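Novice: Going letter by letter, the sequence shown gives residues 1 to 413 in the UniProt record's numbering.
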Amino acid sequence: MKPRILGMILAGGQGSRLAPLTQKRSKPAVPFGSKYRIIDFAINNFINSGVFSIYVLTQYKAQSLTEHIQRGWRFGTFLSDYFITLVPAQMYRFEELGAAWYRGTADAVYQNMHLIDNYEADYVAIFSGDHIYKMNVEHMLQNHIDNRADLTIAAYPMPQSQAHQFGVMHVDDRWKVTDFLEKPKNPPSIPGQDGMSLTSMGNYIFSRRALEELLEASISGQEDGFDFGQDVIPRALSDGYHVQAYDFHRNPIPGQDRPNTYWRDVGTLDAYFAANMDLVSVNPEFDIYNPEWPLRTSSEFSPPSKFVHESDGRKGQAFNTIMAGSVIISGGTVRDSVLARNIRTHSYSLVESSVIFDNVTVGRHAHVKNAIIDKNVVIPPGANVGVDLEEDRARGFTITDNGVVVVPKGYTF
Numbered sequence: 001m002k003p004r005i006l007g008m009i010l011a012g013g014q015g016s017r018l019a020p021l022t023q024k025r026s027k028p029a030v031p032f033g034s035k036y037r038i039i040d041f042a043i044n045n046f047i048n049s050g051v052f053s054i055y056v057l058t059q060y061k062a063q064s065l066t067e068h069i070q071r072g073w074r075f076g077t078f079l080s081d082y083f084i085t086l087v088p089a090q091m092y093r094f095e096e097l098g099a100a101w102y103r104g105t106a107d108a109v110y111q112n113m114h115l116i117d118n119y120e121a122d123y124v125a126i127f128s129g130d131h132i133y134k135m136n137v138e139h140m141l142q143n144h145i146d147n148r149a150d151l152t153i154a155a156y157p158m159p160q161s162q163a164h165q166f167g168v169m170h171v172d173d174r175w176k177v178t179d180f181l182e183k184p185k186n187p188p189s190i191p192g193q194d195g196m197s198l199t200s201m202g203n204y205i206f207s208r209r210a211l212e213e214l215l216e217a218s219i220s221g222q223e224d225g226f227d228f229g230q231d232v233i234p235r236a237l238s239d240g241y242h243v244q245a246y247d248f249h250r251n252p253i254p255g256q257d258r259p260n261t262y263w264r265d266v267g268t269l270d271a272y273f274a275a276n277m278d279l280v281s282v283n284p285e286f287d288i289y290n291p292e293w294p295l296r297t298s299s300e301f302s303p304p305s306k307f308v309h310e311s312d313g314r315k316g317q318a319f320n321t322i323m324a325g326s327v328i329i330s331g332g333t334v335r336d337s338v339l340a341r342n343i344r345t346h347s348y349s350l351v352e353s354s355v356i357f358d359n360v361t362v363g364r365h366a367h368v369k370n371a372i373i374d375k376n377v378v379i380p381p382g383a384n385v386g387v388d389l390e391e392d393r394a395r396g397f398t399i400t401d402n403g404v405v406v407v408p409k410g411y412t413f
């Protein structure tokens, strides 16, 4: 009998380091790659892996994410085990915990253990909803079963200089975890791989019994113990549970010849911008055009994009650029950029190395460079964004360490 696996996506991230993009939306709801939201990649990984029973746990500024899931991600009503259901923080364990919202990643699952019980899951896949990657969850599950593990952690080798931002693991020659350090100041290296550390991707598969026991022991009646990395995983190791690491680089993606090595935590504006720019390269490492691993999102009912005008000095043209529907490049030039829906670039305008959200107009002779433009912005004729950083600072725009200028939603020049 095929095991019953339940997917749970942790989508309550506040994403404060992505402000102002998260001023009115949660991190998983931030648009990405022209037509997607960040959470779409976690959902697609489950669906492409045959995991069709999915709960999405939300908390901060969830309205935008709620609308996206409700409007765009539906299986229909006839198959009870095929669902994508939103689970806001609802204080289900009020009598036990008092007035407590989700106090951490583990607590979010603990407060919804009744959903796992109702589904009668054998295994629970708990994945983060705010990373960009592809992952064959079925392959990770089989690894978990073959190793008779209680908990399996998806692992990603990373330069030591960056590993302090993540949980770091020690493993033996069979990839059994022997130690786990949450965001250590001096991350240990992988044996035999100086300069590299083995980090947690924040994606876990638990055997149901182990999950119930560990959450009950870590959280019930406690003042802390609410996080998987900080509390639950160290407890699992100290209490003798079998914790296995899963090598993400060995994860096979159908239709993909190259190793599966692309995983990005887009937790900062510079990381978010760089991940978008990855998509416009001639041969991107992260391929969104693989028909054997389709990347779905909410349906888009918009007319085709078009390019108009073809005269000297006034040509509608784009190079190394991806765009969604209803974009009109009207006598302007776009290079190395990611354009969302319903964008107009007018004659003699220039857009370079930029990420532009829905419903943006770029006026005549305007110049946009190294920028992220949130929704519903009109850039006036002749205006510059990202060209003179002092001018952008005077307008109050956020400017990242790498010089990317961020124009907030609905900004009026």
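Ideal Cβ positions, reconstructed from N, Cα and C, are used throughout, including at glycine.
Predicted model only: the values in this text are computed from it and were never measured.
Check the DSSP bridge columns for Ile-5 and list the partner residues they point to.
Specialist: To locate residue 5, count along the sequence shown from 1; it is residue 5. In the DSSP output, where bridge partners are listed per residue, Ile-5 has Tyr-123.
Novice: Just to confirm, is the Cβ distance from Ile-84 to Ile-54 under 8 Å?
Specialist: Translated into positions along the sequence shown, residue 84 becomes position 84. Translated into positions along the sequence shown, residue 54 becomes position 54. Contact flag set, yes.
Novice: My output table needs one value for Met-169: the three-state DSSP class, helix, strand or coil.
Specialist: Here residue 169 refers to the residue found at position 169 when the sequence shown is read from its first residue. Here Met-169 sits in strand by DSSP.
Novice: Taking the alpha helix (DSSP H) that Tyr-110 falls in, what are its first and last residues?
Specialist: The residue labelled residue 110 in the question sits at position 110 within the sequence shown. Start and end: 105 to 110.
Novice: Secondary structure at Tyr-55, three-state DSSP: helix, strand or coil?
Specialist: Residue 55 sits at position 55 when you count from the first residue of the sequence shown. DSSP places Tyr-55 in strand when its eight states are reduced to three.
Novice: Select from Trp-175, Phe-32, Ala-318 the residue whose C-alpha is nearest the C-alpha of Lys-306.
Specialist: As a working mapping, residue 306 is identified with position 306 in the sequence shown. Measuring from the Cα of Lys-306, the nearest candidate turns out to be Ala-318.
Novice: Which residues in the same chain as Asn-44 place their Cβ atom closer than 7 Å to its Cβ, once the five residues preceding and following it in sequence are excluded?
Specialist: Start at 1 with the first residue of the sequence shown, and residue 44 comes out as number 44. Only Leu-295, Arg-296 meet the Cβ criterion.
Novice: Compute the Euclidean distance between the alpha carbons of Glu-352 and Lys-35, then round it to the nearest angstrom.
Specialist: Within the sequence shown, residue 352 is the residue found at index 352, counting from 1. Within the sequence shown, residue 35 is the residue found at index 35, counting from 1. Roughly 19 Å separates the two Cα atoms.
Novice: Is it buried or exposed for Asp-265, if we count other Cβ within 10 angstroms and need 16 for buried?
Specialist: Locating residue 265 in the sequence shown gives position 265, counting from the first residue. Counting Cβ neighbours within 10 Å, Asp-265 comes out buried, since at least 16 surround it.
Novice: What does Val-232 pair with, by DSSP beta-bridge criteria?
Specialist: Here the question's residue 232 lines up with position 232 in the sequence shown. Answer is none; Val-232 lacks a bridge partner.
Novice: Taking its Cβ as the centre, do 16 or more other Cβ atoms sit within 10 Å of Tyr-289, making it buried, or is it exposed?
Specialist: For the purposes of this step, residue 289 is taken as residue 289 along the sequence shown, with counting starting at 1. Tyr-289 comes out exposed.
Novice: DSSP beta-bridge partners for Met-323?
Specialist: Here residue 323 refers to the residue found at position 323 of the sequence shown. Paired residues: Leu-339.
Novice: Could you tell me whether the segment 247 to 265 touches the segment 17 to 25, where touching means 3 or more Cβ pairs closer than 8 Å?
Specialist: Too few Cβ pairs lie closer than 8 Å, so no.
Novice: Going by DSSP, what residue range makes up the beta strand (DSSP E) through Asp-179?
Specialist: Mapped onto the sequence shown, residue 179 falls at position 179. That run of the beta strand (DSSP E) goes 177 to 182.
Novice: Among the residues of its own chain, which have a CB less than 6 Å from the CB of Arg-344, if the five just before and after it don't count?
Specialist: In the sequence shown, counting from the first residue as 1, residue 344 sits at position 344. Closer than 6 Å at the Cβ level, and outside the excluded window around Arg-344, lie Ile-328, Thr-361.
Novice: Closest by CA to Asn-136, which one among Gly-12, Asn-320, Ile-253?
Specialist: As a working mapping, residue 136 is identified with position 136 in the sequence shown. That would be Ile-253, whose Cα lies nearest to the Cα of Asn-136.
Novice: Under 8 Å, with one C-beta from each stretch per pair, do the segment 163 to 183 and the segment 269 to 282 reach the 3-pair mark?
Specialist: No: fewer than three Cβ pairs fall under 8 Å.
Novice: For Leu-21, which option in Thr-398, Pro-157, Leu-214, Ile-9 has the closest C-alpha, if you only look at C-alpha atoms?
Specialist: As a working mapping, residue 21 is identified with position 21 in the sequence shown. Residue Thr-398 is the option with its Cα nearest to Leu-21.
Novice: Using the beta-carbon count (16 or more within 10 Å), is Phe-301 buried or exposed?
Specialist: Against the sequence shown, residue 301 aligns to sequence position 301. Flag for Phe-301 reads exposed.
Novice: Taking 8 Å as the cut-off, decide whether the C-beta atoms of Pro-28 and Gly-129 are in contact.
Specialist: For the purposes of this step, residue 28 is taken as residue 28 along the sequence shown, with counting starting at 1. For the purposes of this step, residue 129 is taken as residue 129 along the sequence shown, with counting starting at 1. Their beta carbons are under 8 Å apart, which means Pro-28 touches Gly-129 by this criterion.
Novice: Among Asp-358, Asp-312, Asn-320, Ser-337, which has the Cα closest to the Cα of Ser-347?
Specialist: Taking the first residue of the sequence shown as 1, we reach residue 347 at position 347. Of the listed residues, the one whose Cα sits closest to Ser-347 is Asp-312.
Novice: Kindly give me the distance between the Cβ atoms of Val-406 and Asn-370, rounded to whole angstroms, as I take these residues to be in contact under 8 Å.
Specialist: Mapped onto the sequence shown, residue 406 falls at position 406. Mapped onto the sequence shown, residue 370 falls at position 370. So it is not a contact: roughly 10 Å between Cβ atoms.
Novice: Here's a check: name, in chain order, each residue in its chain whose Cβ is nearer than 8 Å to the Cβ of Tyr-241, leaving out the five neighbours to either side.
Specialist: On the sequence shown, residue 241 is found 241 positions in, with the first residue counted as 1. Same-chain partners within the cutoff: Asp-150, Leu-151, Ala-210, Leu-214.
Novice: Closest to Ala-163 by C-alpha separation, out of Glu-390, Ser-200, Gly-410, Asn-143, would be which residue?
Specialist: Looking up residue 163 in the sequence shown gives position 163. It is Ser-200 whose Cα lies nearest to the Cα of Ala-163.
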